[in-house]
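Line by line, the protein sequences are chains A and U. For the first sequence, position 132 matches number 132 in UniProt numbering, and the numbering has no gaps at all. For the second sequence, position 537 matches number 537 in UniProt numbering, and the numbering has no gaps at all.
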Amino acid sequence: MSIFNMLLRNVVRRSVFPFAMKERRKNGFFLTSFYKTFPRRTLNLSSYLKDAEPNPSQKLNLDEWKNVMQSRRQEEICEPTSKCEEDSTLTAMREFVEMRRLAGRLVPENITEEELKTLMELPTKSSRLKYLKFLAKRERKINAKKAKQEKKNQEQEELLGSVEKRDTDELKNTFLKRLHSNTLENLHSWRAANAMIFGQPLVFDMVYENCMSHTELGNAVDQMMECEGFNRKSVDPFHLHYCNLSVDGPYHKGFSKRYGEAWDKLLVTVTEQCYTNLFPRDRLIYLTPDSRKIMTTFEHDKIYIIGSLVDKAGQPGTSLARAKRLNLATAKLPLDKYLRWTLGKKSLTLNQMLCILLTLKETGDWKEALQFVPQRYHDGFVDVDLLSRLNDAKF
Amino acid sequence: MAFFLQASNWGLQTFLGRCFLFQPASTCQKSLALMVHLLSRDQVKGLPFTTSSQSAVPQDLKGVHMLHKSRSGSRDGKKEKRKERSREEDKEKSLMSPFSAGAAKQRSVSQQTPTSMRLPRLSKKDDIQPPEKPLNAEEWQEWRTRLEHLTDFENVMLHQMIKYESSIDVAKSLMADVVLRNGEVKYNLLLGYLILCVQQKQVAEIFDIYDIMKLRFKTLDPGGYSLLIRGLSDTERWREAILLLKEIRKVTPPSKGNYGYCIKGALNNQDVQLALEVYHEMVAENVMPPLDVLQAFFDTCKGTQDDKLKKELLDMLLCFRENQVYPNEALMQSIKLWFESVPGEKWTGRLTSIENGWGCPVCNQVLETIELSKKEYNILKKKIMKNVMQGSDIFKKTTPQELKRFQDFMENHLPYDIVIDGLNIAGSVSRIGGYNVLFDVVSYFAQQNLRLLVLGRKHLKDFQSWKWNAMTAMQGKVDFFFTENISQDDPFLVYATLHSGNHSKFVTRDLLRDHKACLPESIQQLFFKWQRGHQLMPFSSRTKKISFAPILSYDTVVQTTGDTWHIPYDDHLVERYSYEVPRKWLCLQRK
């Protein structure tokens, strides 16, 4: 045994020393730890010795790394014992996440207690992994944003430093005071307030809150916020109605969480009532991609209804069923007429719908309005000139 | 069809000539596709062309292709050959039930459209070939500098080694190098190395890694556990694999692979009792055991005297029956050998295929009928009404008024023998030829003195032609029901057939998969059984004669009468879709 050890020591020293010397700071442990523990598996050695390979040093150190790994363990093992008093399943979950991270999978670096509990409540393996992936991506996004912000701040500071030198200069003579953002906001609010009195109503049907999952509802709230913002900033806004919004329902909670105090000051009509009670039935048109009727022109005396439903699971016909139940007229956008559709669902997001309707209201031009359809869905506009030329050629 | 293509060809070519004058070639191609589409549409609308029963819309893609390639004669030759081949298949096809294994494949071959091949995506990693011999540190350093663009050199290298199944020594030298550089090996590298060891069944290495991991980490991730279970299960330390299974269960339910390797490990070491324990645990968790695990059971228990064990194995076969699972060919052979090896009971197994008829041609045993029992039938009827018709919102598929109208209609009329899905048989409305097919189908049944119901939407009624007048002459036998244009007509079809009773059949080419999906899982199997027994599927009438696929009178499921077993199995040459059943059987008989 001792002969083997001697041999091994010599061999290792010979093969390893040059590198160990080079990166001494990094690998300093190597020498010390090596002397501390004896190699556990020496069975390979004997065979190599007998064979007398031309390059024995290279062969020998193949298994050496295991000894190194094992010797390192004994130092570390004693550490994590204090934390075990926590809820056992929760720690098991935390360890699971940690090991997944070590295995190079997509999991968040830090996970809170609350998130762990949500993770545990999820019923299936795939849903858990999906949730972890989501958390990881979100974390990555937040971190990237933070880093960007920091960089920006730094640049700003540098810029300020250079500006201060010029600060002694006289003030410029200008015709206008600097346009502050709240000036613009006042203007937008003024327009929105006008629209509340004179504007064309546009209804969002908030009845679908129970058809959606938690994530979908979150997305829907985001889209609604974007709608409201875009509408307010337009030249001639709609008078938005959020109909069928139940008090303290999921939507209401989502809104008050996202808007905070601003929710009460929002220049939209929020009501628990149905639009059929507010408006005459014959002026209502429900917009749904499942409709058979294709919208040809935007009518300024009609009231369009958009179902605020984000449907990722793909259950078609939900909003059409709703319109059928209430016996309302329906319509869909003429997407196929103007666009060469390639892939994707024909149901657009709420904010895209609003943008399209606003543009139609202002210009009446379908081509301009349908610019808001995401470009990945289609392969360009149908060439109207060619169409007419074809018809001429035929008849 | 041929006529239509020629005619449009001529028009297109003259147009093409003009087009080339004004437009660059690339836009010309696009406009060409558009043109064909427009022409075909306009033709149907306005011009008195009569096309045959083939569809116009999917075909015009083909038309474009033919135009592009018409100059190369070999293409046309190929096309001709394909046509001939599909014609031959037509003959064979007409003998096969639409739900038999391979039927969908045949259907798709005859309707094949040229699809573009998707090229595999190449990344930076793909052209790296790992070294063939173990390298020393300097050489690894060389590799590193050569592949500077890789952020995670070791990991990529290890996975390329797994891909090319490099020698384990190469990987070892890489690990040794990593230790030299970093002082330790990270978990993901250990995992990669473990994959390589498991792949090449390096038992000693697996043990070493396992020991290292046990020392180093308190727990592992399920991926690591799974690898270890797989690696340990066929070694002498297989019992530890079962311990690892328990570790996995702490955080997540084990996969069927985890269970499978544990069971196989136990079976390899003749511990049948333990294997059964794990098996029961697996079934209790609602994990469907993989077929090779069951095969291992049958292989190990050959020649057993133990009655209890025998019963367990027969229970496994009954489990197939309940879950509508069919053994593959290898498992079938194991089952056959097991039966033949049971001492004292002289089983003989023979392979057969039962096509049309009542029973097994080998032993003349009558197989279980495809008809549902009274109770099952009523359950199905109720569930169809509740889940398919009404669903979460009755307005999705129909309206309450319409449903009421239909129910009244059904009550006032006698039960029907045949219910026909008018729109499906006629194809889409734009196809004039489709109406001829519908008419042919209707008159085919009317001649046999059967009571018919044709279902359709209102726009079917609007499109009247002279043939419909002839059809009204048959009104005594044929009834029509038209739903609203925005309603779905398939649920009405199913409902009407079910309502008419067990003898009634329906005619559609639709496989009704979306309606099947609305049902809970156990009812789906009932529905599928009923569908196999009651759906008539017409073949396109190139020969101008209507023919229907045969309905099998027996149920394709594992079945026994005590002295006989009949087990359908998957032929390994035939690709079976989920909505098809196998055609081959294993017949086991005791003498």
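A virtual CB, placed ideally from N, CA and C, is assigned to each residue, including glycine. Computed from a prediction, not measured in an experiment: that's the story for all the values here.
Asked	Found
Beta-carbon neighbours of N188/U, restricted to chain A and to distances below 7 Å	L102, A103, G104
Residue-level contact to chain A via CB, S226/U, 9 Å cutoff	no
Sub-9 Å separation of residue 649/U and R128/A beta-carbons	Outside the displayed range of chain U (1 to 591) lies residue 649/U, so it cannot be described from this structure.
Proximity below 9 Å, CB of G265/U to CB of A241/U	yes
Exposure label - N244/A; buried when at least 16 CB within 10 Å	buried
DSSP beta-bridge partners of H566/U	Q559/U, C587/U
Simplified DSSP state of H499/U, which is helix, strand or coil	helix
Proximal residues of chain A, C-beta to C-beta of G223/U below 7 Å	A103
Option in L498/U, E139/U, E142/U with minimal Cα separation from I384/U	L498/U
DSSP beta-bridge partners of T269/A	H241/A
V373/A at chain U interface by Cβ criterion, 9 Å	no
Cβ shell of V68/A (< 6 Å), same chain only, five flanking positions each side left out	none
Neighbour flag for R322/A against chain U, beta carbons, 9 Å	yes
Chain-order list of residues whose beta-carbon lies under 8 Å from that of I418/U (same chain, five-residue window excluded)	F445, L450, R451, L452, L453, S504, K505, F506, V507, L536
Cβ contact check for the region 348-361 of chain U and the region 579-588 of chain U: 3 or more pairs under 8 Å	yes
Within chain A, partners of R237/U - CB distance below 7 Å	In chain order: nothing, as chain A lies at least about 16 Å away.
Sequence-distant residues of the same chain with beta carbon closer than 8 Å to V382/A, five excluded per side	K337, Y338, L339, R340
Ranges of the beta strand (DSSP E) found wholly within the region 250-306 of chain A, counting only runs of at least 3	284-287
Within-9 Å CB hit, T89/A to chain U	yes
Among P123/A, R140/A, R94/A, the one whose alpha carbon lies nearest that of L106/A	R140/A
Burial state of T96/A, where buried means 16 or more other Cβ atoms lie within 10 Å	Reading off the sequence, residue 96/A comes out as Phe, not Thr. Buried, by the Cβ-count rule.
Limits of the unbroken beta strand (DSSP E) element including H378/A	378-381
Three-state secondary structure assigned by DSSP to D490/U	helix
Where the region 240-254 of chain U meets chain A: residues whose CB sits under 7 Å from a CB there	K250, V251, T252, P253
Chain A contact for I212/U (CB, 9 Å cutoff)	yes
Residue from V558/U, T556/U, P538/U, D555/U whose Cα sits closest to the Cα of A549/U	P538/U
Segment contact, 8 Å Cβ cut-off, at least three pairs: the region 193-208 of chain A with the region 296-307 of chain A	yes
Nonlocal neighbours in the same chain, by C-beta distance under 7 Å from S70/U, ignoring five residues either side	Caution applies to S70/U, whose pLDDT of 38 falls short of 50 and renders its modelled position unreliable; the value that the coordinates give is listed next. Correct list: empty, nothing qualifies.
Below-9 Å beta-carbon distance, E109/A vs any chain U residue	no
Outcome for P123/A when other beta-carbon atoms lying within 10 angstroms are tallied against a minimum of 16	exposed
CB contact below 9 Å: F492/U versus chain A	no
Chain-order list of residues whose beta-carbon lies under 7 Å from that of C274/A (same chain, five-residue window excluded)	C243, N244
Neighbour flag for D393/U against chain A, beta carbons, 9 Å	yes
Euclidean distance between Cα positions of D234/U and S547/U	55 Å
Limits of the unbroken beta strand (DSSP E) element including T330/A	329-331
Cβ pair Q200/U, E165/U closer than 9 Å	yes
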